[in-house]
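Peer 1: Per the working numbering, the very first residue in the sequence shown carries number 199; after that it's consecutive.
In this text, a Cβ means the ideal position worked out from N, Cα and C, and glycines have one as well.
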Amino acid sequence: MTVTYNYISIYRGEFSSTFNVLALLKFNSHLPIKKSSTTFIFYLKGKLFLFFMAVKTNGFVEGSLPDELMNLLLNLASEWGDVFDSSNLKVIHLSGAMTNEIYQISWPTKMENLPRTVLIRIYGEGVELFFDRDEEIRTFKCMSTHGHGPKLLGQFKEGRVEEFIHARTLSASDLRDPEISALIAAKMKEFHYLDMPGSKNVVLWDRMRNWLSEAKSLCSLEHVKEFHLDKLGTEIDSLEKALSGHHQQIGFCHNDLQYGNIMIDDKAKSITLIDYEYASYNPIAYDLANHFCEMAANYHTEKPHILDYSKYPGQ
Numbered sequence: 199m200t201v202t203y204n205y206i207s208i209y210r211g212e213f214s215s216t217f218n219v220l221a222l223l224k225f226n227s228h229l230p231i232k233k234s235s236t237t238f239i240f241y242l243k244g245k246l247f248l249f250f251m252a253v254k255t256n257g258f259v260e261g262s263l264p265d266e267l268m269n270l271l272l273n274l275a276s277e278w279g280d281v282f283d284s285s286n287l288k289v290i291h292l293s294g295a296m297t298n299e300i301y302q303i304s305w306p307t308k309m310e311n312l313p314r315t316v317l318i319r320i321y322g323e324g325v326e327l328f329f330d331r332d333e334e335i336r337t338f339k340c341m342s343t344h345g346h347g348p349k350l351l352g353q354f355k356e357g358r359v360e361e362f363i364h365a366r367t368l369s370a371s372d373l374r375d376p377e378i379s380a381l382i383a384a385k386m387k388e389f390h391y392l393d394m395p396g397s398k399n400v401v402l403w404d405r406m407r408n409w410l411s412e413a414k415s416l417c418s419l420e421h422v423k424e425f426h427l428d429k430l431g432t433e434i435d436s437l438e439k440a441l442s443g444h445h446q447q448i449g450f451c452h453n454d455l456q457y458g459n460i461m462i463d464d465k466a467k468s469i470t471l472i473d474y475e476y477a478s479y480n481p482i483a484y485d486l487a488n489h490f491c492e493m494a495a496n497y498h499t500e501k502p503h504i505l506d507y508s509k510y511p512g513q
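1. Please give the ranges of any beta strand (DSSP E) in the stretch 338-404, keeping only runs that are unbroken, at least 3 residues long and fully inside the region.
2. The beta strand (DSSP E) spanning residue 471 covers which residue range?
3. Compute the Euclidean distance between the alpha carbons of residue 244 and residue 500, then round it to the nearest angstrom.
4. Tell me where the alpha helix (DSSP H) around residue 424 begins and ends.
5. Compare the C-alpha of residue 291 against each of 317, 393, 311, 309 and name the closest.
6. Alpha carbon to alpha carbon, how far is residue 277 from residue 350? Give it in angstroms, no decimals.
7. Measuring straight from C-alpha to C-alpha, what distance separates residue 507 and residue 441?
8. Can you have a look at residue 348 and say buried or exposed, based on whether 16 or more other CB atoms are within 10 angstroms of its CB?
9. Is residue 448 near residue 481, with beta carbons less than 9 Å apart?
10. Could you tell me if residue 473 is buried or exposed, where buried requires 16 or more neighbouring beta carbons within 10 angstroms of its beta carbon?
11. Using three-state DSSP, classify residue 285 as helix, strand or coil.
12. Rounded to the nearest angstrom, what separates residue 333 and residue 466 at their Cα positions?
13. Please report the straight-line C-alpha distance between residue 496 and residue 489, rounded to a whole angstrom.
14. Measure the alpha-carbon distance for residue 279 versus residue 267 and round it to whole angstroms.
15. Would you call residue 319 buried or exposed, if buried means 16 or more other Cβ atoms sit within 10 Å of its Cβ?
16. Any idea if residue 383 is buried or exposed, counting beta-carbon neighbours within 10 angstroms, 16 or more meaning buried?
17. Assuming residue 401 and residue 479 form a contact by the criterion Cβ under 8 Å, report the distance between their Cβ atoms to the nearest whole angstrom.
18. Per DSSP, which one or two residues make a beta bridge with residue 315?
19. How many Å lie between residue 306 and residue 283 at the Cα?
20. Return the residue from the list 299, 510, 304 that minimises the CA-CA distance to residue 271.
21. Where do the ends of the alpha helix (DSSP H) carrying residue 482 lie?
22. Given a threshold of 16 other Cβ atoms within 10 Å of its Cβ, counted over all protein chains shown, does residue 337 qualify as buried or as exposed?
23. Using only alpha-carbon positions, find the residue among 484, 493, 502, 394 that is nearest to residue 376.
24. Alpha carbon to alpha carbon, how far is residue 429 from residue 476? Give it in angstroms, no decimals.
25. Label residue 357 either buried or exposed according to how many other C-beta atoms from any shown protein chain fall within 10 Å of its C-beta, with 16 as the threshold for buried.
26. Do you know how far the Cα of residue 381 is from the Cα of residue 339?
27. At a Cβ threshold of 9 Å, is residue 267 touching chain D?
28. Taking the straight line between their C-alpha atoms, what separation do you get for residue 387 and residue 468?
29. Residues bridged to residue 479 by DSSP?
So, in structure tokens, the structure goes:
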């Protein structure tokens, strides 16, 4: 197994926004950091303050799979009537995942030119700073039971086996396509009305406070003052007071609807929302606003942390 270790770096840069409270964005390999990294971003008084931290991920050694996973694949193949030969496995690492390692695994079936394909998700370590992995697994199981997202095919110590969805991941420009946007809106409405088990309390404000607390713990007192982290708690309190009230509609929110977490079957014109690490009950308006902000982002550029608000939706 391979391991990517935790580390911290700080980036400071100018940004055109005035103030957006603590946000969480994930970056891919275009930044000079290792895979499976997670990033704090603070927009304060026209400046961008960015803290990124890698998380441990247990990947596959080339040509080798854990015994527990191999046995799970063998059982699945047997259930499906496939002749399973481990020497014929085709393993492809899929890029773009930010808190996990994702692999596409295929093997031949009795039908020519129709291989069996599943998705393997290897959990990243250290992500409990940002979300509860056990809660994410419960959410995934429940979503699968409700017919949303990929089916859960099995679990092993380091991760799980999921149904492979034969659809493409959206691009940054797809989010601003009116036809695709309408499909996303319809799927979000279904998502928001799901009746999920567990607490239905709003998570947004406590989550931001927890992230702020972690950010402070990673900084020297000098940096806390320089980045005005000592003032963000008051900002969060003010926003919560101003935005909370009986008029808000609370629903089950995805909370991370960037283009990499949305898949489309172009032929069937159907949308699938994936990756529920941050899903929780929140004001529905927050989920919509966060999705709109994602329209200003493109994580496949040399400067993925720079948001282009000219692409923010108008009417």
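Peer 2: With the given structure in hand:
1. 350-354, 357-361
2. Position 273 of the sequence shown, counted from the first residue, corresponds to residue 471. Taken as a continuous stretch (DSSP letters only), the beta strand (DSSP E) holding residue 471 covers 468-471.
3. Walking along the sequence shown from the start, residue 244 turns up at place 46. Walking along the sequence shown from the start, residue 500 turns up at place 302. Because the pLDDT at residue 244 is just 44, under 50, the model does not fix this residue reliably, and the point stays unresolved.
4. In the sequence shown, the residue the question calls residue 424 occupies position 226. Unbroken alpha helix (DSSP H) run through residue 424: 419-424.
5. Residue 291 sits at position 93 when you count from the first residue of the sequence shown. The residue with the shortest Cα to Cα distance from residue 291 is 317.
6. Locating residue 350 in the sequence shown gives position 152, counting from the first residue. Locating residue 277 in the sequence shown gives position 79, counting from the first residue. Near 15 Å, if we compare the C-alpha coordinates of residue 277 and residue 350.
7. Position 309 of the sequence shown, counting from 1, holds the residue named residue 507. Position 243 of the sequence shown, counting from 1, holds the residue named residue 441. In a straight line, the C-alpha of residue 507 is about 23 Å away from that of residue 441.
8. Along the sequence shown, read from residue 1 onward, the residue named residue 348 stands at position 150. So residue 348 counts as buried.
9. Numbered from 1 along the sequence shown, position 250 holds the residue referred to as residue 448. Numbered from 1 along the sequence shown, position 283 holds the residue referred to as residue 481. Yes, they are a contact pair.
10. Within the sequence shown, the letter at position 275 stands for residue 473. Buried: at least 16 other Cβ atoms inside 10 Å.
11. In the sequence shown, counting from the first residue as 1, residue 285 sits at position 87. Three-state DSSP puts residue 285 in a helix.
12. Residue 333 sits at position 135 when you count from the first residue of the sequence shown. Residue 466 sits at position 268 when you count from the first residue of the sequence shown. Approximately 32 Å between the Cα atoms of the pair.
13. Here the question's residue 496 lines up with position 298 in the sequence shown. Here the question's residue 489 lines up with position 291 in the sequence shown. Going by the C-alpha atoms only, they are around 13 Å apart.
14. For the purposes of this step, residue 279 is taken as residue 81 along the sequence shown, with counting starting at 1. For the purposes of this step, residue 267 is taken as residue 69 along the sequence shown, with counting starting at 1. Cα to Cα, the separation comes out at about 18 Å.
15. Position 121 of the sequence shown, counted from the start, is the residue given in the question as residue 319. It counts as buried.
16. Within the sequence shown, residue 383 is the residue found at index 185, counting from 1. With fewer than 16 other Cβ atoms within 10 Å, it is exposed.
17. On the sequence shown, position 203 is the one that residue 401 refers to. On the sequence shown, position 281 is the one that residue 479 refers to. Contact holds; Cβ gap of about 6 Å.
18. Counting from 1 along the sequence shown, the entry for residue 315 is found at position 117. For residue 315, which the question treats as bridged, DSSP gives the partners 304.
19. Along the sequence shown, read from residue 1 onward, the residue named residue 306 stands at position 108. Along the sequence shown, read from residue 1 onward, the residue named residue 283 stands at position 85. Approximately 9 Å between the Cα atoms of the pair.
20. Residue mapping note: residue 271 aligns to position 73 of the sequence shown, counting from 1. Comparing Cα positions, the closest option is 304.
21. Position 284 of the sequence shown, counted from the start, is the residue given in the question as residue 482. Element bounds for residue 482: 482-492.
22. The count along the sequence shown starts at 1 and reaches residue 337 at position 139. Residue 337 should be labelled buried.
23. Position 178 of the sequence shown, counting from 1, holds the residue named residue 376. Minimum Cα distance to residue 376 is reached at 493.
24. In the sequence shown, counting from the first residue as 1, residue 476 sits at position 278. In the sequence shown, counting from the first residue as 1, residue 429 sits at position 231. Whole-angstrom Cα-Cα distance: 25 Å.
25. For the purposes of this step, residue 357 is taken as residue 159 along the sequence shown, with counting starting at 1. Flag for residue 357 reads buried.
26. By one-based count along the sequence shown, residue 339 stands at place 141. By one-based count along the sequence shown, residue 381 stands at place 183. Going from the Cα of residue 339 to the Cα of residue 381 covers about 24 Å.
27. No chain D appears in the structure shown, which is made up of a single protein chain.
28. Stepping through the sequence shown from its first residue, residue 387 is reached at position 189. Stepping through the sequence shown from its first residue, residue 468 is reached at position 270. Roughly 14 Å between the two C-alpha positions.
29. The sequence position of residue 479 within the sequence shown is 281, counting from 1. Note: residue 479 sits in a beta bridge opposite 450.
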